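> First the structure, then my questions, so here it is.
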Amino acid sequence: MECKRALDETGGDFERAKALIKERGLAKVQKKSDRDAKEGVIESYVHSGNRIGALVELSSETDFVARNQEFKDLAREIAMQVAAMDPKNVEELLGQAYIRDASKTVGELVTTLAASTGENVRVRRFKRFQLGESNGEAAH
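Mapping to the numbering used here: the sequence shown position 73 is 210, numbers consecutive.
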């Protein structure tokens with residue numbers, strides 16, 4: 138129904154209708170961004186060679202969304218991004234060009250998933266590990 142409405146509003150222009158639907162979806166995501174996202178997954182990625190790894194906590198509002206394969210896949214992709222690009226914080230991570238498609242940012246991937254699920258989705262935190270790296274912690 139949303140597609141038909143957008144096509145009617147744009148006089149049948151498919152590209153403009155697509156942009157309108159995307160714009161409306163982003164507006165919905167913005168409205169939901171202050172809602173609690175207490176469910177989610179912790180996903181890991183270990184780079185080939187086993188010298189670099191990452192853990193990412195990706196949150197959603199419900200466990201129904203968190204169990205969704207698309208959600209889990211995004212968490213894994215973000216963990217891979219963290220391992221490859223070594224962002225310093227969540228804000229920097231979300232602003233980075235996505236390693237598989239530089240025309241998108243990681244933040245856009247998260248926003249797209251939030252729009253498709255209708256829930257607040259956010260990267261809560263992450264940690265990158267590198268073999269032999271010292272970060273002030275004692276080795277036992």
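Glycine included, each C-beta is placed from N, C-alpha and C at the ideal position.
Quick caveat, the model's predicted, so the values are computed rather than measured.
By the DSSP assignment, the alpha helix (DSSP H) with valine 258 in it spans what residues?
Per DSSP, valine 258 belongs to no alpha helix (DSSP H) and is neither H nor E.
> Are valine 243 and alanine 212 closer than 9 Å when you measure CB to CB?
no
> Report the residue from Arg237, Ser181, Ser240 and Val247 whose alpha carbon sits nearest the alpha carbon of leucine 231.
Val247
> Count the other CB atoms, across all protein chains shown, that sit within 10 Å of the CB of asparagine 257; report buried if there are 16 or more and exposed otherwise.
Per the 10 Å Cβ criterion, buried.
> I need the straight-line Cα distance from lysine 209 to valine 227, nearest angstrom please.
18 Å
> Rounded to whole angstroms, what's the CA-CA distance from glutamate 214 to valine 193? Just pull it up for me.
10 Å
> May I ask which residues mark the beginning and end of the alpha helix (DSSP H) holding lysine 209?
206-222
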